[in-house]
Ligand code: EPU
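In my numbering, the protein residues as written are 302 to 638.
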């Protein structure tokens, strides 16, 4: 069913819980309903997709239409002795999908436990944590192409996935509305425990079963990351910056304990933005209603009553401080509207 809301408050539709409103929100259940919503001559103006609102910062009234998918079906498409492919509609909570996999002994999504957001958003920025990314399990993405008024799909390779990046942030930006995602999960164990404390935390729970890995990931996340129900935030506000190898090596010579990760390009390295912000002395910093989280400096928080503008002012302050101290530019991961 298609539902329309006008002059709608956004406070409960964005995990930063900022008080803004949207001119219009259109909610739909079935992909086919998009044909009607975008019928010639009736296209909503200045539209944007609002999923769970977990990676978005509203800095002003949204003068346009927010398109909000509401379909929540999970359908098994195929299965053999080795793997299972499932199609999941956009509005399913990402973590409900991970729990669904873990309950059925399906491997591949467990390291991505407890990431806030909806399944429809997972391919857009190729969500990732603890050495895994959504691209490792996505086999196909179904979307509606507004420009062509056509239902389309792309294979994993065609999505051009990279670190927090995909075709949906580039060529298809402003054009595609993701309606469902197909995932292929493995039936044989594939523990991926190489990141940080994950191996130790899993061992402490009795070894590498799917349930133990999920519990370990949830425990690590709950310890470091604020609960959006208590403290408005959008997870990592910044992306980890990718810099030239020479720049990274010069920094390593100065800061021996600096975390450093490989990047897809062998001539580049990925730095930990959280470490840079922390080292720059901003972890736990608070100004007015906003602040830098005191357990994970990559996360900006709304201490209550903040506007999106206040969060952005803090973000600029953090960027400037990091640039001054390290000469490195950190970019927002969150979509700022
Ligand atoms: N660090 C600090 N101080 C901090 C934060 C981090 O020194 O305040 C250091 C840590 O000690 C560690 C390194 O920086 O050596 C990396 O920290 P962490 O393992 O917490 O991961 P991250 O790089 O800060 C990324 C993702 C997170 C994801 C974690 C775990 C991005 C932008 N963020 O953070 O994703 O949970 O890895 O895999 O890539 C999100 O996207 O919303 C998110 C939370």
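Think of the CB as a built atom: it goes at the ideal place given N, C-alpha and C, for glycine as much as any other residue.
- The C-beta of residue 396 has 16 or more other C-beta atoms within 10 Å across all chains shown, which makes the residue buried.
- Secondary structure of residue 479 (DSSP, three-state): strand.
- At least 8 Å separates the beta-carbon of residue 400 from that of residue 481.
- Nearest to residue 579 by C-alpha distance, out of 569, 452 and 593, is 593.
- Taking residue 635 as reference, the option from 308, 304 and 360 with the minimal CA-CA separation is 360.
- At least 8 Å separates the beta-carbon of residue 445 from that of residue 549.
- Assignment of beta strand (DSSP E) within the stretch 558 to 588, counting only whole runs of 3 or more residues, yields 561 to 563 and 569 to 572 in chain order.
- Bounds of the beta strand (DSSP E) holding residue 376 are 375 to 380.
- Of the candidates 456, 529 and 305, the residue whose Cα lies closest to the Cα of residue 355 is 529.
- Annotated three-state conformation of residue 335 is helix, per DSSP.
- Counting only the Cα atoms, residue 423 lies some 21 Å from residue 405.
- Residue 538 is not a Cβ neighbour of residue 499, given a cutoff of 8 Å.
- Just so you know, the alpha carbons of residue 572 and residue 460 end up roughly 25 Å apart.
- Here DSSP, grouped into helix, strand and coil, assigns residue 545 to strand.
- Within a 10 Å sphere around the beta-carbon of residue 531 sit fewer than 16 other beta-carbons, which makes this residue exposed.
- Set against 7 Å, the gap from the CB of residue 409 to the closest heavy atom of ligand 1 is not smaller.
- Taking the CA atoms as reference points, residue 510 sits about 35 Å from residue 569.
- For residue 439, the enclosing beta strand (DSSP E) covers residues 439 to 446.
- Taking the CA atoms as reference points, residue 329 sits about 31 Å from residue 433.
- By a beta-carbon distance limit of 8 Å, residue 427 contacts residue 467. Their separation comes to about 5 Å.
- With respect to the 8 Å criterion, residue 591 and residue 612 are classified as neighbours on the basis of their beta carbons.
- In the same chain as residue 457, and ignoring 5 residues on each side of it, the C-beta atoms closer than 6 Å to its own belong to 439 and 440, in chain order.
- DSSP assignment within the stretch 503 to 553 yields the following whole beta strand (DSSP E) runs of 3 residues or more, N-terminal first: 533 to 537 and 543 to 545.
- Separation of the CB atoms of residue 410 and residue 486 is rounded to 7 Å, and the pair is thereby assigned contact status at 8 Å.
- In this chain, the beta strand (DSSP E) harbouring residue 390 covers 384 to 390.
- By the neighbour-count criterion, in which a residue is buried when 16 or more other Cβ atoms sit within 10 angstroms of its Cβ, residue 316 is buried.
- With respect to residue 398, residue 420 sits close: the two C-beta atoms are nearer than 8 Å.
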